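Below is one structure, written out as structure tokens, with a few remarks after it.
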Ligand SMILES: [Mg+2]
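In my numbering, the protein residues as written are 11 to 387.
Right, dumping it as structure tokens:
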């Protein structure tokens, strides 16, 4: 057996309480791939829920893992194409795409570790030493005074870009009441001052029409949003074009898409300023790089939406380092088990930025004992 052949593949569903979402239960599913020589690569799928995490594990254990054994992990894009094409019936989005995303990320980590280079070198090389950080939080819409204090505190901690979205209580989330929505944006702008950038994210289920989105975008214009996120469903391509034509407010969407062709349709509207994407969902590092390149050609930026574990964040950081058009990398401002416990060298903001990592592979050190503390069946 060639020592660089894949010898073991393991899927690890993890669950944890997310301090950045009032302690609510969240899940990810990791993939660990080991070669015969003992080299290890890690990937993540941002599965979100227990059921999706367990289903993803079945797809890996029963379907894809046996087909990886004996393969050379450096054939990462060949494996990506092969798995993508051969799962056309059950895949092309959903649980199978979660599995493919995590496997692809683990293969890139392994390929870079075997070459003893940071992942960005295999993605075209380093274009920047640091990426601008955004603090990304969920709004407490029940208490706007507390929200103002929270944003002022995050600004004081050094964040130059501050994002808030939907709400801990979805029934009164951002997006559900026009008057409250404007009050929230005003509160955030007043809390952080004029020299910070602010982003707001409309809650799922707000059901904005293009006409309402236009009215809201215009109402927000005095507060100078860095972007307005998810104002419309991703599939409302005509709505996005109408909204674009009616406001100067920058527009962003993408976190609900899975496949490269989904992103192609969004990019081709010409309506978006920023595409947001996660390699732990959107067909791995391979798929995400294709979308980033597509957006760059269309003179659109991208945002590393990464709000899950340090593994997806690290992969996003390397993609950002190698790309010409990244705007931001989102971070949870409060320590979280998946960002701070499962690695011994967490990715953190310093002075408003996140430093690019130069260690081999994803550039993080997984604490396997910590990972296994969050395992569930
Ligand atoms: Mg969002």
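Just so it is clear, CB atoms sit at the ideal spot from N, CA and C, and this is done for glycine as well. Because the structure is a prediction, the values reported are computed rather than measured.
- For residue 211, the shortest C-beta to heavy atom distance toward ligand 1 is below 6 Å.
- If one requires a minimum length of 4 residues, the alpha helix (DSSP H) runs lying completely within the segment 70-124 are 75-78 and 86-96, in chain order.
- For residue 317, there is no enclosing beta strand (DSSP E), as DSSP gives it neither H nor E.
- The closest heavy atom of ligand 1 lies less than 6 Å from the beta carbon of residue 175.
- Annotation for residue 199: the continuous alpha helix (DSSP H) segment containing it runs 188-202.
- When C-alpha distances from residue 199 are compared across 167, 184, 211 and 158, the shortest belongs to 158.
- Setting aside the 5 residues that flank it on each side, residue 350 is surrounded in the same chain by 356, each with a C-beta closer than 6 Å to its C-beta; the list follows chain order.
- Selection 63, 246, 306 and 72 evaluated against residue 263 yields 246 as nearest (Cα-Cα).
- Rounded to whole angstroms, the separation of the alpha carbons of residue 162 and residue 206 is 10 Å.
- Three or more Cβ pairs drawn from the segment 227-244 and the segment 252-267 lie within less than 8 Å of each other, which places the two stretches in contact.
- Counting every other CB atom within 10 Å of its CB across the protein chains shown gives residue 111 a total of 16 or more, marking it as buried.
- Counting the other CB atoms within 10 Å of its CB gives residue 68 a total below 16, which places it among the exposed residues.
- Here residue 173 is bridged, per DSSP, to 146 and 209.
- Note on geometry: alpha-carbon atoms of residue 72 and residue 65 lie some 11 Å from one another.
- For residue 239, the shortest separation between its Cβ and any heavy atom of ligand 1 lies below 6 Å.
- Straight through space, the alpha carbons of residue 86 and residue 375 are spaced by roughly 21 Å.
- Within 6 Å of the C-beta of residue 265 there is at least one heavy atom belonging to ligand 1.
- Inter-segment contact for the segment 97-112 and the segment 299-306 is absent: fewer than three beta-carbon pairs are separated by less than 8 Å.
- Relative to residue 252, the option among 280, 237 and 235 whose CA is nearest is 280.
- Less than 7 Å divides the Cβ of residue 314 from the Cβ of residue 339.
- The criterion of a C-beta distance shorter than 7 Å is not satisfied by residue 237 and residue 213.
- By the 16-neighbour rule on beta-carbons within 10 angstroms, residue 285 is buried.
- In the three-state reduction of the DSSP assignment, residue 25 falls in the strand class, which pools E and B.
- For the set 167, 217, 89 and 330, the Cα lying nearest the Cα of residue 359 is the one of 167.
- A Cβ-Cβ contact shorter than 7 Å links residue 385 with residue 22.
- Membership of residue 336 in the beta strand (DSSP E) is indicated by the continuous run 336-341.
- Following the DSSP letters along the chain, one finds residue 138 in no alpha helix (DSSP H), marked with neither H nor E.
- With respect to the C-alpha of residue 83, the residue from 104, 48, 59 and 188 having the closest C-alpha is 48.
- Checking the DSSP bridge columns, you'll see residue 67 has no partner listed.
- About 15 Å separates the CB atoms of residue 146 and residue 312; that is not less than 8 Å, and the two are not in contact.
- Inter-segment contact for the segment 50-59 and the segment 73-81 is absent: fewer than three beta-carbon pairs are separated by less than 8 Å.
- For the pair residue 16 and residue 81, the CB atoms are nearer than the 7 Å cut-off.
- Around the beta-carbon of residue 217, fewer than 16 other beta-carbon atoms lie within 10 Å, marking it exposed.
- DSSP places residue 249 inside the alpha helix (DSSP H), whose first and last residues are 247-256.
- Of the candidates 37, 18, 40 and 27, 18 places its Cα closest to the Cα of residue 46.
- Take residue 368, set aside five residues on each side of it, and the residues of its chain with a beta-carbon closer than 6 Å to its own are 128, in chain order.
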